[in-house]
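Heads up: the sequence shown begins at 435 in my numbering, then just goes up one per residue. Data block below; observations after.
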Amino acid sequence: MIMHRIPLGMIKTCTIIRDIDRWFVCFAVDGIRNKNNTSLTVGIDVGVKNWMTLSTGEIIDGPPLIKSINKIKQLQKNLLRKKKGSQNRHKARLMLAKAWRKVKLQREDYLHKVTSMLASRYGHIFIEKFGTRGMTRRKRDHKNINRSILDCSFHMIKRLAAYKAEVVEVDPTNTSRMCSRCGNIGTKKESYVRVFSCKCGLELDRDHNAALNILTRGQGLPFVENKPLLVNASKSL
Numbered sequence: 435m436i437m438h439r440i441p442l443g444m445i446k447t448c449t450i451i452r453d454i455d456r457w458f459v460c461f462a463v464d465g466i467r468n469k470n471n472t473s474l475t476v477g478i479d480v481g482v483k484n485w486m487t488l489s490t491g492e493i494i495d496g497p498p499l500i501k502s503i504n505k506i507k508q509l510q511k512n513l514l515r516k517k518k519g520s521q522n523r524h525k526a527r528l529m530l531a532k533a534w535r536k537v538k539l540q541r542e543d544y545l546h547k548v549t550s551m552l553a554s555r556y557g558h559i560f561i562e563k564f565g566t567r568g569m570t571r572r573k574r575d576h577k578n579i580n581r582s583i584l585d586c587s588f589h590m591i592k593r594l595a596a597y598k599a600e601v602v603e604v605d606p607t608n609t610s611r612m613c614s615r616c617g618n619i620g621t622k623k624e625s626y627v628r629v630f631s632c633k634c635g636l637e638l639d640r641d642h643n644a645a646l647n648i649l650t651r652g653q654g655l656p657f658v659e660n661k662p663l664l665v666n667a668s669k670s671l
C-alpha cells in the first residue's frame, strides 16, 4: 500500500475499505492530538443564506459544489436513457457513483480546511445546537431548501472541529431575535429580512447579531448595555 504518513502511537485497529474502484487502509491509533492553547473565543451562527457567520462579523461561504452537482444531474439523465441490464448502463452507473464520490471528497476537503482555520485562530468555539432532521421536515415543494440544508453539513462541521479545538454547543433559542447589546427580545421576522435593528440603536447583520448572542450565551456573560461583549468579539479577522 501507499502510506501517506506514519501512524504515531499504538495502532488499535485496522480497517480495509472499498470505495467503488479504490481500496483504503484505515488505522485507529491510540494517541492525543495537540489542540490550540490560545484563549481567544468565537461564536458561530450557521445557516443556508450565510453558511457561517462569526461573532467577529466575518462570513464564510459554503463549499463550492455547483459544478459537480450539475454534472451529477446530467449523469443521472444519461443513466435513465440506458437499457436495463446493458453494459452501457453499468458504465453509466459507475460514472455516476464516481461523481457522487467527488462531491463527497470536495465537501470533506473544504470542511477540513475551514475547521482547521478556525482551530488555528481560536481555542474555544461556541456553535449553535441544531437539529437537521427537524429543519428538513418540509413539503415536497421545499425540496431545494432541504437539499441546501443537507449540503451545509452542519453536524460534520461540529465533528471535525471538535478534535481540533474545544467546541461547545449553545442553545440557539431567540438568538436571532435578541439584541446583542441590550438583551431585548424583538418580534420574529421573516427569513428574507437580513438586518437586525433594536430600539437601543443597534443595527447590524442578522446573523452577526445571532453569532454575538451565541458567543455571550456560551461564555455565560451578562449583557451590558452600550458596551462591547468581549474584546476579541469586535476584532476583524
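Every residue, glycine too, gets a C-beta built ideally from N, C-alpha and C.
- Val476 places its beta carbon less than 9 Å from that of Leu649.
- A residue is called buried once 16 or more other Cβ atoms fall within 10 Å of its Cβ, and Met612 is buried on that count.
- The beta-carbon separation of Glu600 and Ile561, rounded to 11 Å, does not stay under the 8 Å limit for a contact.
- For Glu542, the uninterrupted alpha helix (DSSP H) run begins and ends at 521–555, by DSSP.
- In the DSSP secondary-structure assignment, Arg456 is bridged to Asp453.
- The stretch 535–543 and the stretch 490–509 touch, with three or more beta-carbon pairs separated by less than 8 Å.
- Relative to the Cα of Lys633, the nearest Cα in the group Met590, Arg615, Arg555, Lys623 belongs to Arg615.
- The beta carbon of Met529 is closer than 6 Å to those of Leu509 in its chain, skipping five residues each way along the sequence.
- Distance between Met590 and Gly465, taken at the CA atoms: about 22 Å.
- A distance below 9 Å separates the beta carbons of Ala645 and Thr487.
- DSSP places Gly477 within a strand segment (E or B) once states are collapsed to three.
- DSSP places Asp639 inside the beta strand (DSSP E), whose first and last residues are 637–639.
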